[in-house]
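Written out below as structure tokens is the structure these notes cover.
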Amino acid sequence: MSFQRVGLRLAQQTLRSPAFRPALRSTLQRRYANTASGVPAPPGQGASKLAGDADNAFNRERAAVKAHAAATSDLWRKLSIYVVIPCLILSAINAYNLWTEHWEHWEHMPPLEERVEYPYQNLRTRNFFWGDGDKTLFWNDKVNYHKTDKQT
1 MSFQRVGLRL AQQTLRSPAF RPALRSTLQR RYANTASGVP APPGQGASKL
51 AGDADNAFNR ERAAVKAHAA ATSDLWRKLS IYVVIPCLIL SAINAYNLWT
101 EHWEHWEHMP PLEERVEYPY QNLRTRNFFW GDGDKTLFWN DKVNYHKTDK
151 QT
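Following UniProt numbering from start to finish, the sequence shown increments by one per residue and tops out at 152.
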């Protein structure tokens, strides 16, 4: 006999066994006892677990709020996992590609000392009170250059 036939015959014997039927029946009954959407029924429309004195408007409203909160939190959890994380990964890849492209372009530019410094660049009305007074707080020696010896 082939492996598939052995597996099918074993599955049929398991399904026919008396010990398996109550477990299957209780599972199916629990499964189909819920509403179609999986959310408990709104208040006043049956399928309420409240009985006796506990079945009042306040408790039905609280149950509806709890069901709504569960569905909403599940929606936001799914959005966070399946939308936000892939978007972050794609934007990180895009940022990395732009970063490498920028520095590849920067390598083809002339050295900092040979670039033209226009009158609107590096305006200084007074010295900064840190360092040598010429460099801003966000100064980067790789990209910023200020000709201090020029005549204005």
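Note that the Cβ used here is the ideal one computed from N, Cα and C, for glycine as well.
Q: Pick out the complete beta strand (DSSP E) segments inside the region 50–86, 3 residues or longer, and give them in chain order.
A: Restricted to the region 50–86, not a single beta strand (DSSP E) segment is unbroken, complete and at least 3 residues in length.
Q: Give me the Cα-Cα distance between residue 155 and residue 72, rounded to the nearest whole angstrom.
A: Residue 155 is absent from the model: the chain starts at 1 and stops at 152.
Q) Alpha carbon to alpha carbon, what distance is there between residue 11 and residue 2? A) For the purposes of this step, residue 2 is taken as residue 2 along the sequence shown, with counting starting at 1. For the purposes of this step, residue 11 is taken as residue 11 along the sequence shown, with counting starting at 1. Whole-angstrom Cα-Cα distance: 14 Å.
Q: Figure out for me which residue from 147, 79, 65, 102 has the closest Cα to the Cα of residue 112.
A: Taking the sequence shown and counting its residues from 1, the one referred to as residue 112 is at position 112. Cα-wise, what sits closest to residue 112 is 147.
Q) According to the Cβ coordinates, are residue 203 and residue 96 closer than 8 Å? A) In this structure the chain extends from 1 to 152, so residue 203 is not present and cannot be described.
Q.
Residues in the same chain with beta-carbon distance under 8 Å from residue 13, minus the five sequence neighbours each way, listed in chain order, please.
A. Taking the sequence shown and counting its residues from 1, the one referred to as residue 13 is at position 13. Cβ contact annotation for residue 13 (same chain, cutoff 8 Å, sequence separation greater than five): none.
Q. Checking contacts by CB at 8 Å: is residue 119 closer than that to chain D?
A. The chain labelled as chain D is not found in the depicted structure, where only one protein chain is given.
Q. Rounded to a whole number of angstroms, what is the C-alpha to C-alpha distance between residue 105 and residue 98?
A. As a position in the sequence shown, residue 105 is number 105, starting the count at 1. As a position in the sequence shown, residue 98 is number 98, starting the count at 1. Note on geometry: alpha-carbon atoms of residue 105 and residue 98 lie some 10 Å from one another.
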